[in-house]
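>
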Amino acid sequence: SLKMASDSPESLMTLCTDYCLRNLEGTLCYLLDNETLRLHPDIFLPSEICDKLVNEYVELVKTDSIFEPHESFFTLFSDPRSTRLARIHLREHIVQDQDLEAIRKQDLIELYLTNCEKLTAKSLQTLVSFSHTLISLSLFGCCNIFYEEENPGGCEDDCLVNPTRQVLVKDFTFEGFSRLRILNLGRLIEGVNVETLLRPLASLAALDLSGIQLNDVGFLTQWKDSLVSLVLYNMDLSEEHIQVIAQLRKLRHLDISRDHLSSYYKFKLTRRVLNLFVENLVNLTSLDISGHTMLENCTIPSMEEKMGQTSIEPAKSSIAPFRGLKRPLQFLGLFETSLCRLTHIPAYKVSGDKNEEQVLNAIEAYTEHRPEITSRAINLLFDIARIERCSQLLRALQLVITALKCHKDDKNIQVTGSAALFYLTNSEYRMEQSVKLRRQVIQVVLNGMESYQEVTVQRNCCLTLCNFSIPEELEFQYRRVNELLLNILNQSRQDESIQRIAVHLCNALVCQVDNDHKEAVGKMGFVMTMLKLIQKKLADKTCDQVMEFSWSALWNITDETPDNCEMFLNYSGMKLFLECLKEFPEKQELHRNMLGLLGNVAEVKELRPQLMTSQFISVFSNLLESKADGIEVSYNACGVLSHIMFDGPEAWGICEPHREEVVKRMWAAIQSWDINSRRNINYRSFEPILRLLPQGISPVSQHWATWALYNLVSVYPDKYCPLLIKEGGIPLLKDMIKMASARQETKEMAR
693 SLKMASDSPE
703 SLMTLCTDYC
713 LRNLEGTLCY
723 LLDNETLRLH
733 PDIFLPSEIC
743 DKLVNEYVEL
753 VKTDSIFEPH
763 ESFFTLFSDP
773 RSTRLARIHL
783 REHIVQDQDL
793 EAIRKQDLIE
803 LYLTNCEKLT
813 AKSLQTLVSF
823 SHTLISLSLF
833 GCCNIFYEEE
843 NPGGCEDDCL
853 VNPTRQVLVK
863 DFTFEGFSRL
873 RILNLGRLIE
883 GVNVETLLRP
893 LASLAALDLS
903 GIQLNDVGFL
913 TQWKDSLVSL
923 VLYNMDLSEE
933 HIQVIAQLRK
943 LRHLDISRDH
953 LSSYYKFKLT
963 RRVLNLFVEN
973 LVNLTSLDIS
983 GHTMLENCTI
993 PSMEEKMGQT
1003 SIEPAKSSIA
1013 PFRGLKRPLQ
1023 FLGLFETSLC
1033 RLTHIPAYKV
1043 SGDKNEEQVL
1053 NAIEAYTEHR
1063 PEITSRAINL
1073 LFDIARIERC
1083 SQLLRALQLV
1093 ITALKCHKDD
1103 KNIQVTGSAA
1113 LFYLTNSEYR
1123 MEQSVKLRRQ
1133 VIQVVLNGME
1143 SYQEVTVQRN
1153 CCLTLCNFSI
1163 PEELEFQYRR
1173 VNELLLNILN
1183 QSRQDESIQR
1193 IAVHLCNALV
1203 CQVDNDHKEA
1213 VGKMGFVMTM
1223 LKLIQKKLAD
1233 KTCDQVMEFS
1243 WSALWNITDE
1253 TPDNCEMFLN
1263 YSGMKLFLEC
1273 LKEFPEKQEL
1283 HRNMLGLLGN
1293 VAEVKELRPQ
1303 LMTSQFISVF
1313 SNLLESKADG
1323 IEVSYNACGV
1333 LSHIMFDGPE
1343 AWGICEPHRE
1353 EVVKRMWAAI
1363 QSWDINSRRN
1373 INYRSFEPIL
1383 RLLPQGISPV
1393 SQHWATWALY
1403 NLVSVYPDKY
1413 CPLLIKEGGI
1423 PLLKDMIKMA
1433 SARQETKEMA
1443 R
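Going by the numbering used here, the first residue of the sequence shown is number 693, and it counts up by one from there.
1. Of all the alpha helix (DSSP H) runs that stay within the bounds of the stretch 1363-1397, which reach a length of 4 or more residues?
2. Entirely within the stretch 920-994 and at least 4 residues each: give me those alpha helix (DSSP H) ranges in chain order.
3. Under the rule that 16 or more other beta-carbon atoms within 10 Å means buried, what is residue 718, buried or exposed?
4. Any chance the stretch 1101-1116 sits against the stretch 1073-1088, with 3 or more Cβ pairs inside 8 Å?
5. Using the C-alpha atoms, what's the distance from residue 1096 back to residue 1442?
6. Going by other Cβ atoms of all chains shown within 10 Å of its Cβ, with 16 needed for buried, is residue 1350 buried or exposed?
7. What are the boundary residues of the alpha helix (DSSP H) that includes residue 700?
8. Would the beta-carbon of residue 831 fall within 8 Å of that of residue 877?
9. Could you tell me whether the Cβ atoms of residue 748 and residue 775 are closer together than 8 Å?
10. Taking only runs of the alpha helix (DSSP H) that begin and end inside the stretch 788-840, which ones reach a length of at least 4 residues, in chain order?
11. List the endpoints of the continuous beta strand (DSSP E) containing residue 876.
12. Our contact map puts residue 892 next to residue 931 with C-beta atoms below 8 Å; I'd like the distance itself, whole angstroms only.
13. For the beta strand (DSSP E) containing residue 731, list its first residue and its last residue.
14. Among 1184, 1412, 1113, 1394, whose alpha-carbon lies nearest the alpha-carbon of residue 1427?
15. In whole angstroms, what is the alpha-carbon distance linking residue 1221 and residue 760?
16. Taking 7 Å as the cut-off, is the beta-carbon of residue 1390 closer than that to any non-hydrogen atom of the ligand HEM?
17. Extract the residue ranges of the alpha helix (DSSP H) inside the stretch 863-912, only unbroken runs of 4 or more that lie entirely within it.
18. Going by DSSP, what residues sit across from residue 721 in a beta bridge?
19. So for residue 775, helix, strand or coil by DSSP?
20. For residue 854, collect the residues of the same chain with a Cβ closer than 8 Å to its Cβ; drop the 5 residues on either side in sequence, then sort them by chain order.
21. Is residue 1208 closer than 8 Å to residue 1147 when the C-beta atoms are compared?
22. Quick one: Cα of residue 1331 to Cα of residue 1270, how far?
23. Where do the ends of the alpha helix (DSSP H) carrying residue 1229 lie?
24. Can you name, in chain order, every residue of its own chain whose Cβ lies under 8 Å from the Cβ of residue 1083, other than the five neighbours on each side?
25. Please report how far the alpha carbon of residue 726 lies from the alpha carbon of residue 1180, in whole angstroms.
26. Going by Cα to Cα distance, which pick from 1279, 1273, 1328, 1264 is closest to residue 1290?
27. Pick out whichever of 784, 820, 1185 has its Cα sitting closest to the Cα of residue 1102.
28. In terms of DSSP beta bridges, what is residue 1042 paired with?
29. With a threshold of 8 Å on Cβ separation, who are the neighbours of residue 1066 within its own chain once the five nearest residues in sequence on each side are excluded?
30. For the alpha helix (DSSP H) that residue 1068 lies in, which residues bound it at each end?
31. Which word fits residue 1144, buried or exposed, when buried means at least 16 other C-beta atoms lie within 10 angstroms of its C-beta?
32. With distances taken Cα to Cα, identify the nearest neighbour of residue 1439 among 1132, 1392, 1420.
33. List the endpoints of the continuous alpha helix (DSSP H) containing residue 1428.
34. Quick check on the DSSP output: what are the complete alpha helix (DSSP H) runs of length 4 or more inside the stretch 1255-1288, in order along the chain?
35. Rounded to whole angstroms, what is the Cα-Cα separation between residue 1119 and residue 1237?
36. Go to residue 1139, then tell me how far its alpha helix (DSSP H) extends in each direction, as first and last residue.
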């Protein structure tokens, strides 16, 4: 089943291919003169492996932003004695004339060139090298392959402006391609004479002429004994076309569909045309008439349309002409036609817009070559996922992932696809998804964020990431996610909603992760970015979620990470702290987040002298009396002061306020707290608290530390008792009870 298929690990072949491509130098190749890749002389690879290397390479360059393409990659396959190629699929700008030229000695059987816009007529000449072996060829969307550069003879002034003119090649034909059976010329450039081009081909089995306008297709009858598949998508048809098609009696697959939005078509489908197809094309198993307008009613009157179970039996068909079929079709394309909403459709698979099954069939059938149709189908899926429940979740997810990967630069698909992903990954579908599938979603979302600065795509992608467990599920792309989010937050003009989601994600990403992660993110400019956001909000005098999340993120990223604490101070963090305190005296959440962060700064001995100013100490002392957020603000202020007191009287380099006076206020604050307070704080380690126990220089710091431990282990014993034991807290408490300098109430609590 699909569930199992998506869950199974990658094959060893796939893993090895991926590893070799990412480490060519360390595996198959060495570098010549520090620039050209060369295959090791003792390597001989069969076509099964070489095909996979080439096809995976194209896939990686296309979908993995971290993967670096190699100038000389295709030269590795220039000698068929060491590397054999048979079936390769190349796409888009990844392939250039010299790449095909490099592999011209290979005996290719199948060559798919899809949307390779950089290929010119030089590559047409290279194709001739494969003519004796090629069975299947696609030049779909290779819009420049029939153009060559012509150098004008006498160089006039315009030489400098336009030294080469593009000229259409008129004399190329498929002469000599004796084995060619399958040919796709979709979106061929205007001006090429298709009839002349194809005439030398003896027995074509499949021909795709998508998007080409031909008034006369009579020449197709030369293959009436061999042609089994014909695609004329978006060709404006006429009665002559229909008569020619009806003569191609061997056809099993016929596609005359069109994009009903692209341009005005005179042609309308009639009952007679469908009857003609059914009567003459007796082998037909697949027919696509999507996007066509029916000139007359082809449906069986609803009285006759037998109620009860829907049927695919031709005899019961709701579409009258199809009652003449000998057996149900394997596939019937009815997308964006009224026929797809009928009850009895004589086909196993139908593409349409009536329900989820039809919509998924449409996405599946049209993704590769018809993004304009696919984006509309995905839009329909988006509505289904949003309003109803998807019943074929895994299939839907995989189809959307494929479409997003295949059309990385198509704005419509990126917008609709990223929106659909948001609904397909939300919590109600969570149980049905494997780790592998969820990782694929994350990869595709990050690709979208990288390629598109467009607001809707960015928002959809950020929202989709919120459906994952953070940081766990994003750990495997940790650096990349952070870089992308910081990039969004550093843009000068910003969309409020994206900013809010991005800050929320940043905060979640630095919560509960290892210190080396925090240091790495700090080096990416995380601290600076958050402080800039705070600065902006202060200037606008707004304290919203972005402001609170930014402080919270700083609190998380400075936890036991001295480098980030230092950055906070260096970038005028303390100045912003004081300004926020003054501007928003009532904002309790904000105060808690800011003081939590300053607690982290105060834990770093080298940075404490920077907190030792009259202004700061007065502020912390006054916050001891704060009732904001239960005890949290008062508790954190006391924590900051406890670390400062721990440095002893000689470190107290200020006259006002007096050290003793602050100590007295600290005792009073601690005594006012309820020992059973539930807490709004999360400790990963007690180390900074435990270091305040074995000392006699500041009994009040010792008392704060003991109170903190006592509160946490009594209110949350399951979580914090094991942590206290693991970090060696018990012997420290026992020793402290024996200390003469410790206060009696501290010892009681320790006991």
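Where is the CB? At the ideal position from N, CA and C, for every residue including glycine. All values derive from a computational prediction rather than experimental measurement.
On the basis of the data shown:
1. 1379-1382
2. 931-939, 963-972
3. For this step, residue 718 is matched to residue 26 along the sequence shown. That one is exposed.
4. yes
5. Along the sequence shown, one-based indexing puts residue 1442 at 750. Along the sequence shown, one-based indexing puts residue 1096 at 404. C-alpha separation (whole angstroms): 60 Å.
6. As a first step, residue 1350 must be located in the sequence shown, where it is residue number 658. With fewer than 16 Cβ atoms within 10 Å of its Cβ, residue 1350 is classed as exposed.
7. Residue 700 sits at position 8 when you count from the first residue of the sequence shown. Neither: residue 700 is in no alpha helix (DSSP H) and is coded neither H nor E.
8. Against the sequence shown, residue 831 aligns to sequence position 139. Against the sequence shown, residue 877 aligns to sequence position 185. It is a contact, given that the beta carbons lie within the stated cut-off.
9. Locating residue 748 in the sequence shown gives position 56, where the first residue counts as 1. Locating residue 775 in the sequence shown gives position 83, where the first residue counts as 1. Not in contact: residue 748 and residue 775 (Cβ atoms no closer than 8 Å).
10. 789-794, 813-821
11. Position 184 of the sequence shown, counted from the start, is the residue given in the question as residue 876. 874-876 is the extent of the beta strand (DSSP E) around residue 876.
12. Within the sequence shown, numbered from 1, the residue matching residue 892 stands at position 200. Within the sequence shown, numbered from 1, the residue matching residue 931 stands at position 239. Rounded, the Cβ-Cβ distance is 29 Å, inconsistent with contact.
13. One-based indexing of the sequence shown puts residue 731 at position 39. That run of the beta strand (DSSP E) goes 728-731.
14. Here residue 1427 refers to the residue found at position 735 of the sequence shown. The residue with the shortest Cα to Cα distance from residue 1427 is 1394.
15. As a first step, residue 1221 is located in the sequence shown; it is residue number 529 there, counting from the start. As a first step, residue 760 is located in the sequence shown; it is residue number 68 there, counting from the start. Taking the straight line from one Cα to the other gives about 28 Å.
16. The ligand content of the structure shown is nil, which means the ligand HEM is not present either.
17. 886-890
18. Working through the sequence shown from its first residue, we reach residue 721 at position 29. Beta-bridge pairing links residue 721 to 731.
19. Mapped onto the sequence shown, residue 775 falls at position 83. Looking at residue 775 - three-state DSSP - the assignment turns out to be strand.
20. For this step, residue 854 is matched to residue 162 along the sequence shown. Low local confidence applies: a pLDDT of 49 at residue 854 is under 50, so the model's placement there is unreliable, and no value is given.
21. Here residue 1147 is taken as the residue at index 455 of the sequence shown, counted from 1. Here residue 1208 is taken as the residue at index 516 of the sequence shown, counted from 1. No, the pair does not count as a contact, with Cβ atoms beyond the cut-off.
22. Taking the sequence shown and counting its residues from 1, the one referred to as residue 1331 is at position 639. Taking the sequence shown and counting its residues from 1, the one referred to as residue 1270 is at position 578. Approximately 18 Å, taken between the alpha carbons.
23. To locate residue 1229, count along the sequence shown from 1; it is residue 537. Run containing residue 1229: 1218-1231, per the alpha helix (DSSP H) assignment.
24. Locating residue 1083 in the sequence shown gives position 391, counting from the first residue. Correct list, in chain order: 1048.
25. In the sequence shown, residue 726 corresponds to position 34, counting from 1. In the sequence shown, residue 1180 corresponds to position 488, counting from 1. Cα-Cα distance, rounded: 37 Å.
26. For the purposes of this step, residue 1290 is taken as residue 598 along the sequence shown, with counting starting at 1. Out of 1279, 1273, 1328, 1264, 1328 has the C-alpha closest to the C-alpha of residue 1290.
27. Here residue 1102 refers to the residue found at position 410 when the sequence shown is read from its first residue. The candidate whose alpha carbon is nearest that of residue 1102 is 784.
28. Here residue 1042 refers to the residue found at position 350 of the sequence shown. Note: residue 1042 sits in a beta bridge opposite 1024.
29. Looking up residue 1066 in the sequence shown gives position 374. 1054, 1055, 1058, 1059, 1095, 1099, 1105, listed in sequence order.
30. Position 376 of the sequence shown, counted from the first residue, corresponds to residue 1068. Unbroken alpha helix (DSSP H) run through residue 1068: 1063-1079.
31. Translated into the one-based positions of the sequence shown, residue 1144 becomes position 452. Its Cβ being crowded by 16 or more others within 10 Å, residue 1144 is buried.
32. Residue numbering aside, residue 1439 sits at position 747 when the sequence shown is read from its first letter. Answer by Cα proximity: 1392.
33. The residue given as residue 1428 occupies position 736 in the sequence shown. Note, residue 1428: alpha helix (DSSP H), 1421-1429.
34. 1265-1275
35. For the purposes of this step, residue 1119 is taken as the residue at position 427 of the sequence shown. For the purposes of this step, residue 1237 is taken as the residue at position 545 of the sequence shown. C-alpha separation (whole angstroms): 23 Å.
36. In the sequence shown, counting from the first residue as 1, residue 1139 sits at position 447. Start and end: 1127-1143.
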